[in-house]
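Residue numbers (our numbering), protein chains in the order written: chain R, 26 to 317; chain W, 26 to 317.
For every residue, glycine included, the Cβ atom is placed at its ideal position computed from N, Cα and C.
What follows is a short report on a single structure.
2 protein chains.
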Amino acid sequence: MELIDGNKIAAEIIAELKADVATLPGRKPCLALVRVGEDPASVSYVTKKQKTSAEIGIESRLIFPPITISQQELFALVDQLNADSGVDGILVQSPLPKHLNELAVFSRIAAHKDVDGFHTLNLGKLAQEDDTGFVACTPAGIMELLQRSGVTLSGKHVVVLGRSLIVGKPAALLAMQRKAWANATVTVCHSQTANLAALTRQADVLIAAIGKPEFVTADMVKPGAIVIDVGVNRVPDATKKSGFRLTGDVHFPSVSPLCAKITPVPGGVGPMTVAMLMKNTVKARRQNSSES
Amino acid sequence: MELIDGNKIAAEIIAELKADVATLPGRKPCLALVRVGEDPASVSYVTKKQKTSAEIGIESRLIFPPITISQQELFALVDQLNADSGVDGILVQSPLPKHLNELAVFSRIAAHKDVDGFHTLNLGKLAQEDDTGFVACTPAGIMELLQRSGVTLSGKHVVVLGRSLIVGKPAALLAMQRKAWANATVTVCHSQTANLAALTRQADVLIAAIGKPEFVTADMVKPGAIVIDVGVNRVPDATKKSGFRLTGDVHFPSVSPLCAKITPVPGGVGPMTVAMLMKNTVKARRQNSSES
Chain R
26 MELIDGNKIA AEIIAELKAD VATLPGRKPC LALVRVGEDP ASVSYVTKKQ KTSAEIGIES
86 RLIFPPITIS QQELFALVDQ LNADSGVDGI LVQSPLPKHL NELAVFSRIA AHKDVDGFHT
146 LNLGKLAQED DTGFVACTPA GIMELLQRSG VTLSGKHVVV LGRSLIVGKP AALLAMQRKA
206 WANATVTVCH SQTANLAALT RQADVLIAAI GKPEFVTADM VKPGAIVIDV GVNRVPDATK
266 KSGFRLTGDV HFPSVSPLCA KITPVPGGVG PMTVAMLMKN TVKARRQNSS ES
Chain W
26 MELIDGNKIA AEIIAELKAD VATLPGRKPC LALVRVGEDP ASVSYVTKKQ KTSAEIGIES
86 RLIFPPITIS QQELFALVDQ LNADSGVDGI LVQSPLPKHL NELAVFSRIA AHKDVDGFHT
146 LNLGKLAQED DTGFVACTPA GIMELLQRSG VTLSGKHVVV LGRSLIVGKP AALLAMQRKA
206 WANATVTVCH SQTANLAALT RQADVLIAAI GKPEFVTADM VKPGAIVIDV GVNRVPDATK
266 KSGFRLTGDV HFPSVSPLCA KITPVPGGVG PMTVAMLMKN TVKARRQNSS ES
């Protein structure tokens, strides 16, 4: 069994981006980070994105409206960033407070600045295999992890557990693309799937993104499979100072001995998400400057 | 074995639409049909669409630019129809001559008039399960055929053979939606799939859209399966006056005895496509009038 080291692969991508940004003519890429309120997890995510931006040479602008901001005010803020030719990418940190319609806000971001890849038009481009679009960071990161770990998908059976808009569906659409690195046969399973274990056991590559701690057990995995664990779940653990531990959607102790390769949690898919956000931002800078 | 009668189901839908259109206030729905050149198959398809429009009470406008029309001229024509508030739906008949970029032309059509459902934004809405979008007529027709034949998909394993933008991918995205009538587990197979028969044999519902005559044989189908044959292939046949016969992607003589239900070719999926185009046009009329 080989661990897929997301920290190491993300660091490689970040180093490549830093070298790439150094060659860009004109101003640096600029990423606007919008954080509504002071949710501690959101503060931590956004801080990480600012630090990584700085490391690469991407300018970041933090905008932190109060949690009481209205939908119309947030729209106006996004509109202003859309119109600002000095901003290449816009990220509105999820989750938003419940009084705001997250999907509407994400789709308000101009598609060519939507470095999170959540815009309707970017999802459509993904389905159309139009590479001018932006792919959501987590599924894009999964594909990078696989490629950089020497996994070829062509002809393989990829089983995606979960059909979310942010992971499951885009991961499925990526893996089935007519690309040399893709070309997989793809099955999407979910909460309503009958005989789930019989399906997941067929996976050459199993992508677990169902949001249930340690849901995937040894009986659900074919020996020799490659397992990508997208879950980030907090489970109570009295032995920890924090009172909880992080676990993925895979029961690592029993599943990992079976696998050819597996991602750990933390340190697998997680670090890739920020790296892919940075990659999208640099792409946005390049595409925007070629238009102007 | 039960035949799924596409002609009968399409006629039901057309009758429902006729009754629905009769209740619409204001002007009739209007569908613009753009046919480039005089390709006999295109002439026949467009004529069928005009006749069905008339039957329902949809106004149709035929525009038939010469085969020499340039991309820019065709864009200008589409722009004019986009701007015309008397036009609800726009269909540019496929295939276009090779000097025209079909995908670019389809995406030029305003998304809210894209009754063919090929626009990037409508594909994105399909992925997002946003029902204000338009779904491509063939996959939408497949789902109607299934529902109106009493097939519930929830928990079933749907195997889609083919990953085209027009059939395979949208059919997969529809079948996996979080809808009471959907909720299927979905596998997408294609030309690069290994062990194809082992996968198709798992299908409770098999959707064959691979464009190869009589490709699906009895050994690829589980007894009791429901088979939807999307193929329309011309194969040489000296016994026919035309010199050819139409066949689907399924070898009907050997597969049909195994099935619980199966669509014939012709008379299965084919007639549904026009019915769904009409349904999209009425939907466009209703959505456009609610905006104005």
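**Reduced DSSP secondary structure (H/G/I, E/B, other) of S85 (chain W)** = Here residue 85 (chain W) is taken as the residue at index 60 of the second sequence, counted from 1. The answer is strand: DSSP assigns S85 (chain W) an E or B state.
**Prompt:** Of all Cβ atoms in chain W, is any one closer than 9 Å to the Cβ of H124 (chain R)?
**Reply:** By one-based count along the first sequence, residue 124 (chain R) stands at place 99. Not one chain W Cβ lies under 9 Å of H124 (chain R).
**Asked** Given that a residue counts as buried once 16 or more other Cβ atoms are within 10 Å of its Cβ, and exposed if not, what is K138 (chain R)?
**Response** Locating residue 138 (chain R) in the first sequence gives position 113, counting from the first residue. Taking all protein chains in view, the Cβ of K138 (chain R) is crowded by 16 or more other Cβ atoms within 10 Å, so the residue is classified as buried.
**Proximity below 9 Å, CB of L186 (chain W) to CB of I232 (chain W)** = Translated into positions along the second sequence, residue 186 (chain W) becomes position 161. Translated into positions along the second sequence, residue 232 (chain W) becomes position 207. When the beta-carbon positions are compared, L186 (chain W) and I232 (chain W) come within less than 9 Å of each other.
**Prompt:** When the Cα atoms are used, what is the spatial distance from N126 (chain R) to L271 (chain W)?
**Reply:** Within the first sequence, residue 126 (chain R) is the residue found at index 101, counting from 1. Within the second sequence, residue 271 (chain W) is the residue found at index 246, counting from 1. Here the C-alpha atom of N126 (chain R) lies approximately 50 Å from the C-alpha atom of L271 (chain W).
**Asked** Using a Cβ-Cβ cut-off of 7 Å (strictly less than) and excluding sequence neighbours within five positions of K304 (chain R), which residues of its own chain qualify?
**Response** By one-based count along the first sequence, residue 304 (chain R) stands at place 279. Here the set comprises I38 and L42.
**Item:** Cα-Cα separation between R310 (chain R) and L224 (chain R), rounded to whole angstroms
**Value:** Taking the first sequence and counting its residues from 1, the one referred to as residue 310 (chain R) is at position 285. Taking the first sequence and counting its residues from 1, the one referred to as residue 224 (chain R) is at position 199. About 42 Å.
**Prompt:** Using a C-beta cutoff of 9 Å, does M201 (chain R) count as contacting chain W?
**Reply:** Here residue 201 (chain R) refers to the residue found at position 176 when the first sequence is read from its first residue. Yes - at least one Cβ of chain W is within 9 Å of the one on M201 (chain R).
**Asked** Can you tell me where the alpha helix (DSSP H) with R133 (chain W) in it begins and where it stops?
**Response** Counting from one through the second sequence, the residue named residue 133 (chain W) turns up at place 108. In the DSSP assignment, R133 (chain W) falls within the alpha helix (DSSP H) that extends over E127 to R133.
**Asked** For F277 (chain R), which of helix, strand or coil comes out of DSSP?
**Response** Reading the first sequence from its first residue, position 252 is the one you call residue 277 (chain R). Reduced to three states, the DSSP call for F277 (chain R) is helix.
**Prompt:** Are the C-beta atoms of V140 (chain W) and some chain R residue less than 9 Å apart?
**Reply:** By one-based count along the second sequence, residue 140 (chain W) stands at place 115. Taking 9 Å as the threshold, the shortest C-beta distance from V140 (chain W) to chain R does not fall below it.
**Request:** Under 6 Å Cβ to Cβ from I253 (chain R), same chain only, skipping five residues before and after it: list those, please.
**Result:** Taking the first residue of the first sequence as 1, we reach residue 253 (chain R) at position 228. In its chain, beyond the 5 residues on either side, I167, I232 and T288 have a beta carbon closer than 6 Å to the beta carbon of I253 (chain R).
**Proximal residues of chain W, C-beta to C-beta of C162 (chain R) below 7 Å** = Taking the first sequence and counting its residues from 1, the one referred to as residue 162 (chain R) is at position 137. Residues of chain W passing the Cβ test: none, with the nearest at roughly 17 Å.
**Asked** Among R:K150, R:L190, R:L171 and R:G273, which has the Cα closest to the Cα of Q202 (chain W)?
**Response** In the second sequence, residue 202 (chain W) corresponds to position 177, counting from 1. When each option's Cα is compared against that of Q202 (chain W), the closest is R:L190.
**Message:** With a threshold of 9 Å between beta-carbons, can G236 (chain R) be considered close to chain W, or not?
**Reply:** What you label residue 236 (chain R) is simply residue 211 of the first sequence in a count that begins at 1. Chain W, which has no Cβ nearer than 9 Å to the Cβ of G236 (chain R), makes this no.
**Message:** Does chain W have any CB closer than 9 Å to the CB of S317 (chain R)?
**Reply:** By one-based count along the first sequence, residue 317 (chain R) stands at place 292. Since pLDDT at S317 (chain R) reaches only 45, below the 50 mark, its modelled position is unreliable, and the value read off the structure follows with that caveat. No - not a single Cβ of chain W is within 9 Å of the one on S317 (chain R).
**Message:** Using the Cβ count rule (16 or more neighbours within 10 Å means buried), how would you classify V260 (chain R)?
**Reply:** Locating residue 260 (chain R) in the first sequence gives position 235, counting from the first residue. Exposed: under 16 other Cβ atoms inside 10 Å.
**Message:** Quick check: A197 (chain R) and V211 (chain R), are their CB atoms within less than 9 Å of each other?
**Reply:** Counting from one through the first sequence, the residue named residue 197 (chain R) turns up at place 172. Counting from one through the first sequence, the residue named residue 211 (chain R) turns up at place 186. With respect to the 9 Å criterion, A197 (chain R) and V211 (chain R) are classified as neighbours on the basis of their beta carbons.
**Item:** Residues sharing a beta bridge with N220 (chain R), DSSP
**Value:** For this step, residue 220 (chain R) is matched to residue 195 along the first sequence. Answer is none; N220 (chain R) lacks a bridge partner.
**Message:** Taking the alpha-carbon of G193 (chain R) as reference, which of R:V241, R:G236 and R:T242 has the nearest alpha-carbon?
**Reply:** As a working mapping, residue 193 (chain R) is identified with position 168 in the first sequence. Of the listed residues, the one whose Cα sits closest to G193 (chain R) is R:G236.
**Request:** Give the DSSP-derived three-state secondary structure of H182 (chain W) in the structure shown.
**Result:** Here residue 182 (chain W) corresponds to residue number 157 of the second sequence, with the count starting at 1. Strand at H182 (chain W).
**Secondary structure of V241 (chain R), DSSP reduced to three states** = In the first sequence, counting from the first residue as 1, residue 241 (chain R) sits at position 216. Of the three classes helix, strand and coil, the one that applies to V241 (chain R) here is strand, per DSSP.
**Message:** Give me the chain R residues within the contact set of A196 (chain W), using Cβ-Cβ distance strictly less than 8 Å, ordered along the chain.
**Reply:** Locating residue 196 (chain W) in the second sequence gives position 171, where the first residue counts as 1. In chain order: nothing, as chain R lies at least about 12 Å away.
**Request:** Please work out which residues of its chain come closer than 7 Å, Cβ to Cβ, to G82 (chain R), disregarding the five sequence neighbours upstream and downstream, and give them in chain order.
**Result:** Position 57 of the first sequence holds residue 82 (chain R). Hits under 7 Å: K43, V46, A47 and K53.
**Message:** With a threshold of 9 Å between beta-carbons, can G149 (chain W) be considered close to chain R, or not?
**Reply:** Taking the first residue of the second sequence as position 1, residue 149 (chain W) is located at position 124. For G149 (chain W), the answer is yes, since a Cβ of chain R falls inside 9 Å of its Cβ.
**Message:** Taking 6 Å as the limit between beta carbons, can you name the residues of its chain near R133 (chain W), skipping five residues before and five after?
**Reply:** Indexing the second sequence from 1 puts residue 133 (chain W) at position 108. Cβ within range, chain order: F100 and V103.
**Request:** Might you give, ordered along the chain, the residues of its own chain that have their beta carbon closer than 6 Å to the beta carbon of I88 (chain W), omitting 5 neighbours on each side?
**Result:** Here residue 88 (chain W) refers to the residue found at position 63 when the second sequence is read from its first residue. The residues are V59.
**Item:** Integer-rounded CB distance, given that Q153 (chain R) should sit under 8 Å from K145 (chain W)
**Value:** Stepping through the second sequence from its first residue, residue 145 (chain W) is reached at position 120. Stepping through the first sequence from its first residue, residue 153 (chain R) is reached at position 128. In the sequence as displayed, the identity of residue 145 (chain W) is Thr instead of Lys. The Cβ separation is near 6 Å, so the contact holds.
**Prompt:** Whose Cβ in chain W lies nearer than 8 Å to the Cβ of R188 (chain R)?
**Reply:** Mapped onto the first sequence, residue 188 (chain R) falls at position 163. Near R188 (chain R) (Cβ distances below 8 Å), the residues of chain W are M201 and R203.
**Message:** On the DSSP letters alone, give me the boundaries of the alpha helix (DSSP H) that C162 (chain W) sits inside.
**Reply:** By one-based count along the second sequence, residue 162 (chain W) stands at place 137. Per DSSP, C162 (chain W) belongs to the alpha helix (DSSP H) from C162 to R173.
**Request:** Identify, in the order they occur along the chain, each residue of the same chain with its Cβ nearer than 6 Å to the Cβ of F240 (chain W), setting aside the five sequence neighbours on each side.
**Result:** Position 215 of the second sequence, counted from the start, is the residue given in the question as residue 240 (chain W). Cβ within range, chain order: D274.
**Request:** For P296 (chain W), name the three-state secondary structure that DSSP assigns.
**Result:** If you number the second sequence from 1, residue 296 (chain W) lands on position 271. Of the three classes helix, strand and coil, the one that applies to P296 (chain W) here is helix, per DSSP.
**Request:** Determine the direct distance from the alpha carbon of S281 (chain W) to that of K308 (chain W), and round the result to whole angstroms.
**Result:** Position 283 of the second sequence, counted from the start, is the residue given in the question as residue 308 (chain W). Position 256 of the second sequence, counted from the start, is the residue given in the question as residue 281 (chain W). Spanning the two alpha carbons is a distance of roughly 35 Å.
**Request:** Drop a sphere of 10 angstroms on the beta-carbon of A40 (chain W), count the other beta-carbons inside from all chains shown, and report buried for 16 or more, exposed for fewer.
**Result:** On the second sequence, position 15 is the one that residue 40 (chain W) refers to. With fewer than 16 Cβ atoms within 10 Å of its Cβ, A40 (chain W) is classed as exposed.
**Prompt:** Any idea if E169 (chain W) is buried or exposed, counting beta-carbon neighbours within 10 angstroms, 16 or more meaning buried?
**Reply:** Looking up residue 169 (chain W) in the second sequence gives position 144. Classification of E169 (chain W): buried, given that the 10 Å Cβ count is 16 or more.
**Prompt:** Would a check of beta-carbon distances place A135 (chain W) closer than 9 Å to chain R?
**Reply:** The sequence position of residue 135 (chain W) within the second sequence is 110, counting from 1. Not an interface residue.
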